[in-house]
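So the protein sequences, as listed, match chains A and B. Per our numbering, the first sequence runs over residues 1 to 134. Per our numbering, the second sequence runs over residues 1001 to 1134.
Number of protein chains: 2
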Amino acid sequence: MLSFYGLKLNTRDPVYLQAALHVKRQILLGEAQSGDRLPSRREIAAQLQINPNTVQKAFKLMEDEGYVHTVGNQGSVIYVDEQIRETIENELTHELVTEFIQSAQEINLSFKRVVELVSELWDREREDDAGRKE
Amino acid sequence: MLSFYGLKLNTRDPVYLQAALHVKRQILLGEAQSGDRLPSRREIAAQLQINPNTVQKAFKLMEDEGYVHTVGNQGSVIYVDEQIRETIENELTHELVTEFIQSAQEINLSFKRVVELVSELWDREREDDAGRKE
DNA sequence: ATGCGTGTATTATCACAGTAATACACGAGG
DNA sequence: CCTCGTGTATTACTGTGATAATACACGCAT
């Protein structure tokens, strides 16, 4: 059963997008697979301390994007095929890197300088995240 | 006289923030210095094809953040000192890289993989940006 | 002095995100 | 059977970003 407890919400981005992104991440990490059940709308709302209607909006999006299926009132399940996996991977990696590169180039950072900065700051961001596989 | 003609607006972020960011970039690039004049609110609105009130909102922000000064109805000018420059540089580089790293680590990308991806995609993003200094 | 462009302020409208309070049909489990 | 949780839908309200149409005081140039 997929959980939303770990998810920290920011105030910049729409909450329902952040919730959907969380599910996409879990899929990409292999921690959510076809057939895995999701908590009910009301349960997720409680976990994230947000309104059930906002959760419903996230489900509407996830169903439209194809990786969540809902049958009657029996709850929702994950669905992933190769095409969906690729789409998600593309969004979460290629798009992420591309937008980062664009921002970096807009302030004239050189490739070398970017690698320096990423090197310097990489481990600082992992301090609360030790013990993962390299 | 600083211009806003080159600036392309996206639909994700608030327009007044994008306008302010544009000015910050010009400061960081050395293309806007203390004393440089900015176009009038109405002129910028025309350049960006947006509402003058939205521009005024950007000016309110830029004045609050300290790098734009406005005197009476004589227009606005850039103001940069060392402290402001550092703040802007920090926001546009350190924060950019840090948030990128966080996103990358959320999907378990390794440092090595990130450098690979940035290497692969770096030049593709410069195709319309040739001839800059390394 | 008289315009005119300036910065500034006010009011209104619209769309979207989010919250809130319900309502209802369905289906499993007591 | 019947309750309970489910997904779904509706209505209303709030705050914010953006647009729109004005209004006004100031200062410079004609």
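Yeah, the Cβ is synthetic: ideal placement off N, Cα and C, and Gly gets one too. These numbers were taken from a predicted model, which means no experiment stands behind them.
Per DSSP, reduced to three states, the secondary structure at A:S34 is coil, with no helix or strand assignment. One finds V1097, F1100, I1101, F1111, V1114, V1115 and V1118 in chain B with Cβ atoms closer than 8 Å to the Cβ of A:V118, taken in chain order. Among the bridge pairs identified by DSSP, B:S1110 is matched with none.
Per the coordinates, the alpha-carbon of A:G66 lies some 10 Å from the alpha-carbon of A:D81.
Inter-segment contact for the region 13-21 of chain A and the region 46-63 of chain A is present: three or more beta-carbon pairs are separated by less than 8 Å. Across the set B:A1104, B:I1078, B:S1110 and B:G1030, the C-alpha of B:G1030 shows the shortest separation from the C-alpha of B:E1089.
Identification of chain B residues near A:R25 by a Cβ-Cβ cut-off of 8 Å yields E1106 and I1107, ordered along the chain. By the CB criterion at 8 Å, B:Q1102 and A:E125 fall inside the cutoff. Inter-residue distance for B:G1006 and A:R42 is about 47 Å (C-alpha atoms, whole angstroms). For B:V1068, the enclosing beta strand (DSSP E) begins and ends at V1068 to T1070. Around the C-beta of B:M1001, fewer than 16 other C-beta atoms lie within 10 Å, and the residue is accordingly described as exposed.
With respect to the 8 Å criterion, B:V1071 and B:M1062 are not classified as neighbours on the basis of their beta carbons. Cβ neighbours of A:L9 within its own chain (closer than 7 Å, five residues either side excluded): V15, Q18 and L48. Under the 10 Å beta carbon count, B:S1119 is surrounded by fewer than 16 other beta carbons and is classified as exposed. Residues A104 of the same chain have their beta carbon placed closer than 7 Å to that of A:V114, with the five preceding and five following residues left out of the count. The three-state secondary structure of B:I1078, taken from DSSP, is strand. From the beta-carbon of A:L92, the residues of chain B found nearer than 7 Å are I1107.
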